[in-house]
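Accompanying notes for the structure given below.
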Amino acid sequence: MIETRHLTKIFHDKKRGEIRAVDDVSFTCRPGQIYGLLGANGAGKTTTLRLLATLLRPTRGGATVAGFDTVAESERVRASVGFLATSTALYGRLTARETIAYFGRLNGLSAAAVAERIARLADELDLHEFLDRRVEKYSTGMKQKTSIARTLVHDPAVLIFDEPTIGLDVMTARNIVRFVRDCRTRGKTVIYSTHIMSEVEKLCDIVGIIHRGRLVAEGTLDELRARYGQPDMEEIFVRAVGGEGEEAA
Amino acid sequence: MNWHNLLTVYLKELRDSLRDRRTLISMIVVPTLMIPGIMLTVLVVSTKVVNKAREEIPTVMVLGGDDSPVLRAALAANPKLHLVRTTTDWKQRISDKQLRAAVEIPAGFDAALDRGTPVEVKIYNYEGELRSGFAAGELRNFFNNYREKTVTARLVGRGLPAALVKPFEVKTQNVAPPEKVGGNLVGGMIPYLFILLCFTGAMYPAMDLTAGEKERGTMETILCSPVARIDLVLGKFLMVLTASLGTVVFSLTSMILSFVIGGSLFASSGAGVAVKKAAANMETIPMLDPVGVLTVLAMVLPVAVLFCAVLLAVSLYAKSIKEASSYVSPMIIVIIIPAMMGLLPGVELNARLALVPILNIALVSKELVSGVFHWNYLALIFGSTCLYAALALGLCVRMFNREEVMFRT
């Protein structure tokens with residue numbers, strides 16, 4: 000379960016002054032649900048997810064992830080979370096097996112447990128062919144599969160995905176989407192940030208639209224369609240953020 | 000602190016670095032092959048150049064002295080000088096290195112010598128030019144001998160003993176033990192070399208493990224894991240320290256081996272014979288105190304810790320390896336200046352200088368390799384350097400906890 004309460008993050012920039020990257024955001028995501036965080040580039044999605052993953056500390060408000068406070072119990076939060084983003088790369092000089100084992104050990108798994116998890120993940124994600132080759136030689140698809148295995152090695156209760164399909168080809172992106180769905184089936188709490196409307200429609204149980212750091216709309220797809228009188232997600236998004244002129248600004 | 004996580008991070012960084020060609024080059028290839036190779040090449044080439052210059056019979060021009068056939072004949076009979084025909088452009092020819100030196104003999108030299116009137120002979124050379132210097136030296140030797148022969152002939156002619164003008168001999172003898180002589184000669188160079196190797200060995204791994212990870216996107220991946228920042232910093236720090244000390248150990252081993260193996264090969268060559276001759280002329284063969292050298296190594300350890308922590312902190316601030324190298328490269332000057340100040344004559348260790356990092360090690364090391372142990376200064380230097388190293392490591396941990404550093408855009 001993820002719960003944010005008036006989550007706020009303010010950055011101070013010498014040129015631009017105070018920047019409210021996340022402004023008073025509150026939402027809840029339950030186990031077995033995919034919460035879609037929809038927003039344009041720079042809307043505050045990544046900052047929100049980094050706050051949940053304890054990479055950043057909130058300026059105000061707070062959040063609990065898997066029952067742990069993100070500030071007071073940050074290490075326990077990270078032990079309960081699997082974080083996958085395009086910005087979370089892999090070590091090129093390690094093999095997939097070494098990478099998965101490294102993160103398994105840092106998550107407190109014993110050597111036997113690590114070996115067992117690697118065998119299971121290699122079966123599930125079809126990693127056997129390249130498991131002992133260095134990551135730097137992988138195709139994008141192989142890297143993405145290894146990243147997923149790295150995210151799942153400690154079997155986390157919560158999964159955070161930050162625009163995981165950006166820059167990927169269609170087949171690799173489809174694999175990611177399938178994997179996110181599997182997580183829901185397994186009862187995981189999933190938060191998924193994107194600006195791709197079709198992914199939201201395919202995946203998300205609840206959608207939160209974030210704009211200029213604020214959560215401007217939230218609900219199930221049906222609720223949002225009813226509220227804005229539009230069947231199309233793109234139209235709903237444009238209306239929620241205040242029109243095309245506003246979005247362009 | 001979680002030792003299991005710290006060790007896991009360290010072992011991963013070690014494996015990762017040992018697979019990195021650039022780390023291997025800076026840690027193993029450069030210190031083991033290149034540095035001794037360059038040093039041996041310089042030694043062999045410089046010895047050969049000096050020997051060749053020494054073996055050359057210098058071309059010398061005699062100016063004047065047409066009315067002094069005795070002197071001219073003596074000069075012409077000297078097999079160590081090659082006299083050339085007198086020309087008016089002798090100054091230009093010396094400057095152009097076509098002529099090594101010229102000697103001006105005043106008019107009526109032979110006659111003046113017979114009368115006992117003092118005269119002046121002038122030697123012209125190209126100051127600072129090796130071969131011209133040897134030629135001038137050879138001319139000075141010739142005229143000194145000629146003067147002595149003249150004086151001896153006059154004394155004998157008057158029935159006086161030759162020892163009349165040389166009532167006593169002066170001889171200088173070294174009383175300092177060989178390790179002190181060696182320490183004085185190369186003592187300052189030893190810590191200078193260690194300090195420089197420590198720093199250069201740590202440079203690339205420090206940048207790769209921080210700015211490099213940010214650039215490649217792996218920093219965010221590891222920060223998402225439950226490993227505490229302090230374990231992450233210390234794991235990375237230990238790897239950088241391993242690279243730094245590894246560079247020193249590889250360099251030392253390689254230098255010792257190359258001097259032992261290369262020395263025996265060198266000894267049989269012509270250049271080696273010249274070095275042996277030079278060594279035979281010295282009354283004391285310089286040595287270094289082995290315990291002192293080991294103590295210098297121990298003193299350099301906290302300096303290595305200081306370097307690694309500072310390099311990690313500075314590199315962490317950068318967003319890319321390119322940016323990190325622009326911060327780190329000028330630091331070499333900051334390291335070299337105090338290390339070089341220790342080599343200057345007259346700069347002596349005192350309580351105040353014992354607190355100046357790097358300079359203190361350079362100064363105390365000169366004494367250590369000579370076998371002199373100032374325990375109070377050693378304690379002060381070791382303690383203060385440990386304190387600086389701890390502060391730098393603390394700064395490094397603090398930097399890892401600052402999100403504006405970790406996610407600087």
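Chains as they are written, first to last, in numbering that gives the first Met the number 0: chain A, 0 to 248; chain B, 0 to 408. In this text, a Cβ means the ideal position worked out from N, Cα and C, and glycines have one as well. The model shown is predicted, which means the values in this text are computed figures rather than measured ones.
Backbone CA spacing between residue i and residue j [nearest angstrom]
{"i": "Ser243(B)", "j": "Ala111(A)", "result": "34 angstroms"}
{"i": "Met196(A)", "j": "Leu37(A)", "result": "8 angstroms"}
{"i": "Ile165(A)", "j": "Tyr34(A)", "result": "18 angstroms"}
{"i": "Cys395(B)", "j": "Phe102(A)", "result": "23 angstroms"}
{"i": "Leu55(A)", "j": "Trp374(B)", "result": "49 angstroms"}
{"i": "Lys11(B)", "j": "Ala100(A)", "result": "10 angstroms"}
{"i": "Leu231(B)", "j": "Phe372(B)", "result": "39 angstroms"}
{"i": "Thr184(A)", "j": "Asp204(A)", "result": "12 angstroms"}
{"i": "Val247(B)", "j": "Trp2(B)", "result": "27 angstroms"}
{"i": "Arg71(B)", "j": "Gly64(B)", "result": "7 angstroms"}
{"i": "Ser192(A)", "j": "Val327(B)", "result": "38 angstroms"}
{"i": "Pro329(B)", "j": "Arg397(B)", "result": "23 angstroms"}
{"i": "Pro230(A)", "j": "Ser325(B)", "result": "54 angstroms"}
{"i": "Leu240(B)", "j": "Thr58(A)", "result": "36 angstroms"}
{"i": "Gly136(B)", "j": "Pro68(B)", "result": "23 angstroms"}
{"i": "Pro30(A)", "j": "Phe178(A)", "result": "16 angstroms"}
{"i": "Thr219(A)", "j": "Glu234(A)", "result": "15 angstroms"}
{"i": "Arg424(B)", "j": "Arg130(B)", "result": "Only positions 0 to 408 of chain B appear in this structure, which leaves residue 424(B) out of reach."}
{"i": "Glu246(A)", "j": "Val240(A)", "result": "In this prediction, Glu246(A) scores a pLDDT of 48, lower than 50, which makes its location untrustworthy; no coordinate-derived value is stated."}
{"i": "Ala248(A)", "j": "Thr27(A)", "result": "Annotation note: pLDDT 44 at Ala248(A) (below 50); position unreliable, no value reported."}
{"i": "Ile331(B)", "j": "Thr384(B)", "result": "18 angstroms"}
{"i": "Met188(B)", "j": "Val28(B)", "result": "22 angstroms"}
{"i": "Phe198(B)", "j": "Phe249(B)", "result": "14 angstroms"}
{"i": "Leu343(B)", "j": "Ile255(B)", "result": "26 angstroms"}
{"i": "Ile334(B)", "j": "Ile357(B)", "result": "7 angstroms"}
{"i": "Leu367(B)", "j": "Val295(B)", "result": "7 angstroms"}
{"i": "Ala350(B)", "j": "Ala312(B)", "result": "29 angstroms"}
{"i": "Gly207(A)", "j": "Ala52(A)", "result": "18 angstroms"}
{"i": "Ile93(B)", "j": "Ser45(B)", "result": "23 angstroms"}
Proximity winner among the options, relative to residue i (alpha-carbon distances)
{"i": "Gly393(B)", "options": "Tyr203(B), Val247(B), Arg228(B) and Lys90(B)", "result": "Arg228(B)"}
{"i": "Ile380(B)", "options": "Asn400(B), Asn359(B) and Ala391(B)", "result": "Asn359(B)"}
{"i": "Thr331(A)", "options": "Arg149(A), Asp23(A) and Val157(A)", "result": "Only positions 0 to 248 of chain A appear in the structure, and residue 331(A) is not among them; the question remains open."}
{"i": "Glu135(A)", "options": "Ser73(A), Arg116(A), Ala88(A) and Ala225(A)", "result": "Ala88(A)"}
{"i": "Val83(B)", "options": "Val102(B), Val169(B) and Glu54(B)", "result": "Val102(B)"}
{"i": "Glu115(A)", "options": "His153(A), Gln143(A) and Asp181(A)", "result": "His153(A)"}
{"i": "Ile24(B)", "options": "Lys148(B), Lys51(B), Tyr203(B) and Ile93(B)", "result": "Tyr203(B)"}
{"i": "Ile18(A)", "options": "Arg29(A), Ser25(A), Ala42(A) and Pro163(A)", "result": "Ala42(A)"}
{"i": "Leu195(B)", "options": "Pro337(B), Leu98(B) and Pro160(B)", "result": "Pro337(B)"}
{"i": "Gly60(A)", "options": "Leu6(A), Ser109(A), Lys13(A) and Ala52(A)", "result": "Leu6(A)"}
{"i": "Phe193(B)", "options": "Val363(B), Lys170(B), Leu251(B) and Asn144(B)", "result": "Leu251(B)"}
{"i": "Pro353(B)", "options": "Gly382(B), Pro344(B), Ala205(B) and Ile331(B)", "result": "One detail in the question is off: residue 353(B) reads as Ala in this sequence, not Pro. For the residues Gly382(B), Pro344(B), Ala205(B) and Ile331(B), the minimum Cα distance to Ala353(B) belongs to Gly382(B)."}
{"i": "Thr45(A)", "options": "Ala118(A), Thr150(A) and Ile190(A)", "result": "Ile190(A)"}
{"i": "Ala378(B)", "options": "Arg407(B), Ile332(B) and Met298(B)", "result": "Met298(B)"}
{"i": "Pro163(A)", "options": "Gln143(A), Leu151(A), Asp181(A) and Ala148(A)", "result": "Gln143(A)"}
{"i": "Gly216(B)", "options": "Ser319(B), Leu163(B) and Leu362(B)", "result": "Ser319(B)"}
{"i": "Leu151(A)", "options": "Asp181(A), Arg4(A) and Arg226(A)", "result": "Asp181(A)"}
{"i": "Met26(B)", "options": "Gly245(B), Ala75(B), Lys90(B) and Ser257(B)", "result": "Gly245(B)"}
For residue i: DSSP bridge partner residues
{"i": "Cys203(A)", "result": "DSSP, once it has assigned bridges, lists no residue as partnering Cys203(A)."}
{"i": "Thr193(A)", "result": "Leu37(A)"}
{"i": "Tyr123(B)", "result": "Ala101(B)"}
{"i": "Phe10(A)", "result": "Ile18(A)"}
{"i": "Ala84(A)", "result": "Asp161(A)"}
{"i": "His210(A)", "result": "Arg213(A)"}
{"i": "Phe26(A)", "result": "Thr3(A)"}
{"i": "Phe67(A)", "result": "Val64(A)"}
{"i": "Gly63(B)", "result": "Ile104(B)"}
{"i": "Gly218(A)", "result": "Val206(A)"}
{"i": "Leu82(B)", "result": "Val59(B)"}
{"i": "Thr188(A)", "result": "Val157(A)"}
{"i": "Arg59(A)", "result": "Thr7(A)"}
{"i": "Thr94(A)", "result": "Arg133(A)"}
Assumed close pair residue i, residue j - CB separation to whole angstroms, cut-off 8 angstroms
{"i": "Thr85(A)", "j": "Val76(A)", "result": "Rounded, the Cβ-Cβ distance is 22 angstroms, inconsistent with contact."}
{"i": "Val8(B)", "j": "Gly234(B)", "result": "3 angstroms"}
{"i": "Tyr199(A)", "j": "Met232(A)", "result": "At residue 199(A) the sequence reads Val, which differs from the Tyr that was named. The Cβ separation is near 6 angstroms, so the contact holds."}
{"i": "Ile159(A)", "j": "Phe82(A)", "result": "5 angstroms"}
{"i": "Leu80(B)", "j": "Ile56(B)", "result": "7 angstroms"}
{"i": "Val404(B)", "j": "Leu315(B)", "result": "6 angstroms"}
{"i": "Val118(B)", "j": "Ala111(B)", "result": "5 angstroms"}
{"i": "Ala65(A)", "j": "Met0(A)", "result": "7 angstroms"}
* Asked: Would you say the segment 121-131 of chain A touches the segment 89-105 of chain A, given that touching needs at least three Cβ pairs under 8 angstroms?
  -> yes
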